[in-house]
Amino acid sequence: MSSILKALEKVEDAQNQKRNPGAGGLGRKRERRPAWLIPAWSLGGAAVATLVTYSIMGGFGKPAPPAAQVVATAPQPAARPAAPVAEAAVSTAPVATEKPVAAPVKSRQTRDEVKAPVRKQQVGSVPKLAAKPQRSLKVPEPPVSARPAAVHAAPALVAPPQEIRVTGIAWQNDSQSSFAMVNGRPVRQGAVVDGYKVEQIFEDSVRFTGGKGPVTIPLGAAEQ
239 MSSILKALEK
249 VEDAQNQKRN
259 PGAGGLGRKR
269 ERRPAWLIPA
279 WSLGGAAVAT
289 LVTYSIMGGF
299 GKPAPPAAQV
309 VATAPQPAAR
319 PAAPVAEAAV
329 STAPVATEKP
339 VAAPVKSRQT
349 RDEVKAPVRK
359 QQVGSVPKLA
369 AKPQRSLKVP
379 EPPVSARPAA
389 VHAAPALVAP
399 PQEIRVTGIA
409 WQNDSQSSFA
419 MVNGRPVRQG
429 AVVDGYKVEQ
439 IFEDSVRFTG
449 GKGPVTIPLG
459 AAEQ
């Protein structure tokens, strides 16, 4: 409040100086203020300060919007599973009661229509399409392949018996361990050479069994 009063006094002094510009200096006498002026300025300053403070504190804010009305919606019941069509039809369809069917009353118009002769619509005959002659297609027969002439099997040539020649003998006390060179091949007892079986190996000869029977061939000799 004191600051407001000082400000008001400064304003008043400035106004007095404007009114009396020649009365400046140290010897200038201050005019006496009326007694009602100070309380009036004090009340005015207090009112201004109150309005400013009220406006800063939000006294002149916008009116609050009305609260939105909340409409409570009833909860919807849960959807039931769809029943089979056949059961629903049986459960919901009312039992049909047989009622006597009244005979329809024929009106006069329908009687007149019945009496009127009915004209038959003539349908034009459709021309028959001429049947196309069927063409017979001749399929060429496949040529008959000539049968191959019977081939007579040629008689097998009988190879002449080869010559059996004994060119060497390695004889030992045990005949199973001995071997002989027959036609350039080493053979032991029991082997077969060119159709002849080696029966036994001696010191200077070899005994064979063939088509002619048992044959003994000495060392260095041959048998045909």
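In the working numbering, the protein residues as written are 239 to 462.
Beta carbons: idealized from backbone N, C-alpha and C, even for Gly.
Residues near residue i in its chain [Cβ-Cβ closer than 8 Å; skip 5 each side]
i: residue 392; result: Only weak support is given to the placement of residue 392: the predicted model assigns it a pLDDT of 48, under 50, and the value that follows is read from those uncertain coordinates. Excluding positions up to five away in sequence, the list is empty.
i: residue 416; result: 407, 408, 409, 410, 426, 427 and 439
i: residue 452; result: 437, 445 and 446
Nonlocal neighbours in the same chain, by C-beta distance under 6 Å from residue i, ignoring five residues either side
i: residue 214; result: Outside the modelled stretch of the chain, which goes from 239 to 462, sits residue 214, for which no answer is possible.
i: residue 400; result: 432
i: residue 454; result: 443 and 445
Member of the options whose CA lies at the smallest distance from the CA of residue i
i: residue 447; options: 455, 428, 434 and 416; result: 434
i: residue 432; options: 438, 420 and 443; result: 420
i: residue 422; options: 289, 460 and 453; result: 460
i: residue 442; options: 249, 277 and 458; result: 458
i: residue 287; options: 410, 240, 253 and 453; result: 240
Identity of the residues DSSP links to residue i by a beta bridge
i: residue 288; result: In DSSP, residue 288 forms no bridge with anything.
i: residue 426; result: 417
i: residue 249; result: Residue 249 pairs with nothing; no bridge assigned.
i: residue 451; result: 448
i: residue 407; result: 418
Straight-line Cα distance separating residue j from residue i
i: residue 425; j: residue 402; result: 13 Å
i: residue 456; j: residue 408; result: 13 Å
i: residue 430; j: residue 436; result: 6 Å
i: residue 389; j: residue 405; result: Only weak support is given to the placement of residue 389: the predicted model assigns it a pLDDT of 46, under 50, and the value that follows is read from those uncertain coordinates. C-alpha separation (whole angstroms): 46 Å.
i: residue 467; j: residue 418; result: Given that the chain is displayed from residue 239 to residue 462, the structure contains no residue 467 and the question cannot be resolved.
i: residue 247; j: residue 256; result: 14 Å
i: residue 250; j: residue 242; result: 12 Å
i: residue 252; j: residue 289; result: 26 Å
i: residue 293; j: residue 285; result: 12 Å
i: residue 280; j: residue 291; result: 16 Å
i: residue 276; j: residue 295; result: 28 Å
i: residue 278; j: residue 254; result: 18 Å
Same chain, Cβ closer than 7 Å to residue i, neighbours up to 5 away in sequence not counted
i: residue 414; result: 427
i: residue 282; result: none
i: residue 438; result: 413, 427 and 445
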